[in-house]
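Student: Numbering follows the UniProt record's numbering, with no gaps: position 235 of the sequence shown is 235.
Each residue gets a CB set at the ideal place from its N, CA and C atoms; glycine is no exception.
Predicted model, so just to flag it, every value in this text is computed and none were measured.
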Amino acid sequence: MSAQHIVAVAGSTGSLGKNIAKALLQPPYVSSFSEIRLLARSPTSDKAKELESLFAGAPARVVYFNTEDEKSVDEALKGVDIVVNALTHADDSVVDGVIRNKVKVYIPSEFGVDHKAYVTDVNVWVAKKAHVQKAVEQGGGNLKVVSIYVGLFLETGFGPWLGYDTTNNVYTAVGSSDAIITYTSLDDISNSVARLALLSADPTTAATVPAHVRISGSGVSVKQVQQLVEKKSGKNITVKVVPLDEWKQGLKTTDVLKQILLAAGEGWLDYSKVNSNELVNPGESFWKWKTVQQFVEEGGISA
Ligand SMILES: NC(=O)c1ccc[n+]([C@@H]2O[C@H](COP(=O)([O-])OP(=O)(O)OC[C@H]3O[C@@H](n4cnc5c(N)ncnc54)[C@H](OP(=O)(O)O)[C@@H]3O)[C@@H](O)[C@H]2O)c1
1 MSAQHIVAVA GSTGSLGKNI AKALLQPPYV SSFSEIRLLA RSPTSDKAKE
51 LESLFAGAPA RVVYFNTEDE KSVDEALKGV DIVVNALTHA DDSVVDGVIR
101 NKVKVYIPSE FGVDHKAYVT DVNVWVAKKA HVQKAVEQGG GNLKVVSIYV
151 GLFLETGFGP WLGYDTTNNV YTAVGSSDAI ITYTSLDDIS NSVARLALLS
201 ADPTTAATVP AHVRISGSGV SVKQVQQLVE KKSGKNITVK VVPLDEWKQG
251 LKTTDVLKQI LLAAGEGWLD YSKVNSNELV NPGESFWKWK TVQQFVEEGG
301 ISA
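#1: What is the rounded straight-line gap between the Cα of Val83 and the Cα of Val105?
#2: Tell me, please, which residues DSSP counts as bridged to Asn66.
#3: Looking at the unbroken beta strand (DSSP E) that takes in Arg37, where does it start and where does it end?
#4: Taking only heavy atoms of ligand 1 into account, decide whether any of them is closer than 7 Å to the Cβ of Gly219.
#5: Just to confirm, does Ser53 get its C-beta within under 7 Å of one of the non-hydrogen atoms of ligand 1?
#6: Could you give the DSSP three-state label for Phe295: helix, strand or coil?
#7: My parser needs the alpha helix (DSSP H) runs of 4 or more residues fully inside the stretch 47-105; what are they?
#8: Alpha carbons only, please: which of Val62, Glu155, Asp114 is nearest the one belonging to Ser147?
#9: List the residues that DSSP assigns as beta-bridge partners of His5.
#10: Which whole runs of the beta strand (DSSP E) in the stretch 229-260 are 3 residues long or more, in chain order?
#11: Enumerated in chain order, which unbroken segments of the alpha helix (DSSP H) with a length of 4 residues or greater are wholly contained in the stretch 267-296?
#12: For the stretch 208-228 against the stretch 176-185, do three or more pairs of beta-carbon atoms, one drawn from each stretch, fall closer than 8 Å, so that the two count as touching?
#13: Taking the beta strand (DSSP E) that Val136 belongs to, which residues open and close that run?
#14: Would you kindly check if the distance between the Cβ of Tyr164 and the Cβ of Val213 is under 8 Å?
#15: Does the distance between the C-beta of Phe158 and the nearest non-hydrogen atom of ligand 2 fall short of 7 Å?
#16: Does DSSP classify Val213 as helix, strand or coil?
#17: Going along the chain, which residues of its own chain have a beta-carbon closer than 7 Å to the beta-carbon of Gly151, five neighbours each way excluded?
#18: Is the Cβ-Cβ distance between Leu38 and Ala56 less than 8 Å?
#19: Nearest by alpha-carbon distance to Leu16: which of Ala201, Leu251, Thr238, Asn191 is it?
#20: Can you tell me whether Thr13 sits near ligand 1, meaning its C-beta is under 7 Å from at least one heavy atom of the ligand?
#21: Mind reading off the beta-carbon distance from Ala90 to Lys128? Whole number of angstroms is fine, and I expect it under 8 Å.
#22: Roughly how far, in whole angstroms, is the beta-carbon of Ser200 from the beta-carbon of Lys144, given that I think they are within contact range, below 8 Å?
#23: Should residue 344 go down as buried or exposed, given a rule of 16 or more other Cβ atoms within 10 Å for buried?
#24: Using alpha carbons as the reference points, say which of Gln133, Ser34, Lys18, Thr120 lies closest to Thr88.
#25: With DSSP as the reference, label Lys116 as helix, strand or coil.
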């Protein structure tokens with residue numbers, strides 16, 4: 001494919017954004033872009049310099065972008081075909097900039113729970129849903145909006161904040177310890193973003209990309225994680241199951257981590273069966289999905 005698209009990554013100094021930038025800067029994707037703009041609030045910061053060190057001759061540059069500065073948003077998005085948003089929060093000034101600058105493909109900052117069908121009043125998902133709706137409505141038929149749901153990040157999904165208390169060797173499952181939860185690595189998410197961006201921007205393949213895309217790096221239950229970690233560490237791990245009704249008592253809409261565990265217990269994080277893995281990575285011909293088993297064997301979850 002010839003270099004024809006200009007892509008911009010908002011939040012390119014963040015955890016996910018940096019990984020997405022890295023993927024875009026490398027083969028096989030880099031040659032499809034005439035320009036890769038990495039948007040940063042502080043283009044001279046150490047994090048921005050770290051991005052520049054990855055350029056290796058790619059047609060890339062770090063560009064000043066602050067959602068609180070409309071002029072910077074317009075300058076950063078001028079002439080851009082594809083915007084990948086990896087900001088922490090749903091910020092509607094990005095949608096406004098995308099519309100004003102006639103961007104063709106917009107990937108909003110989703111990358112978590114598929115809340116399309118999930119009826120919830122959890123603040124962060126309500127805001128994300130409204131953000132996507134605004135982009136779709138204001139973009140009309142001219143903007144392709146692709147929301148990507150990945151379950152939990154493999155690298156950060158196994159801490160005590162999500163029920164894996166490795167210090168005391170106790171894992172907490174909500175609802176059932178057999179509920180499958182999707183974990184996807186940052187590299188797999190970034191490769192998927194690159195593939196979906198290019199498929200969406202190409203008029204011959206755009207129609208193959210749905211508006212809501214689930215990807216599933218690896219699906220496992222809390223019980224399966226227990227078994228994998230016990231085998232690796234030789235230690236005994238207790239799994240505690242909290243019934244759904246008990247977990248819901250007093251649960252606040254602002255308590256995102258507990259809400260994620262509830263969503264997991266209710267099956268809303270299982271993307272192992274219904275997903276677009278074959279669209280983004282047919283027959284694993286682009287990369288091998290990283291599994292939780294590999295992650296455990298590499299010492300990613302200790303006990
Ligand atoms: N599924 C999961 O397990 C999981 C886990 C974590 C995150 N996520 C999702 O992934 C997405 C990215 O999260 P993340 O953790 O990678 O984010 P992050 O590390 O907090 O990075 C956020 C980025 O946004 C930039 N930013 C913040 N405010 C800005 C503003 N006003 N103008 C311009 N740039 C601004 C930051 O720039 P500075 O470097 O200048 O601060 C940084 O580059 C989010 O949608 C999040 O919900 C999912």
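Tutor: Taking the definition as stated:
#1: 6 Å
#2: BP columns for Asn66 are empty, so no partner.
#3: 33-40
#4: Checking the Cβ of Gly219 against ligand 1 gives no.
#5: no
#6: helix
#7: 70-77, 92-100
#8: Selected option, being the one with the closest Cα: Asp114.
#9: Phe33
#10: 238-242
#11: For the stretch 267-296, whole alpha helix (DSSP H) runs of length 4 or above, ordered along the chain, are 277-280.
#12: yes
#13: Here Val136 belongs to no beta strand (DSSP E); instead the alpha helix (DSSP H) covers 123-139.
#14: Tyr164 sits away from Val213, with the two beta carbons spaced by 8 Å or more.
#15: As for ligand 2, it is missing from this structure, which binds only ligand 1.
#16: strand
#17: Ile181, Thr182, Tyr183, Thr184, Ser216, Leu269, Tyr271
#18: no
#19: Asn191
#20: yes
#21: The pair is a contact, with the Cβ atoms about 5 Å apart (cut-off 8 Å).
#22: 5 Å
#23: Nothing about residue 344 can be reported from this structure: the residues present for the chain run from 1 to 303 only.
#24: Lys18
#25: Under the three-state reduction of DSSP, Lys116 is assigned to coil, being neither helix nor strand.
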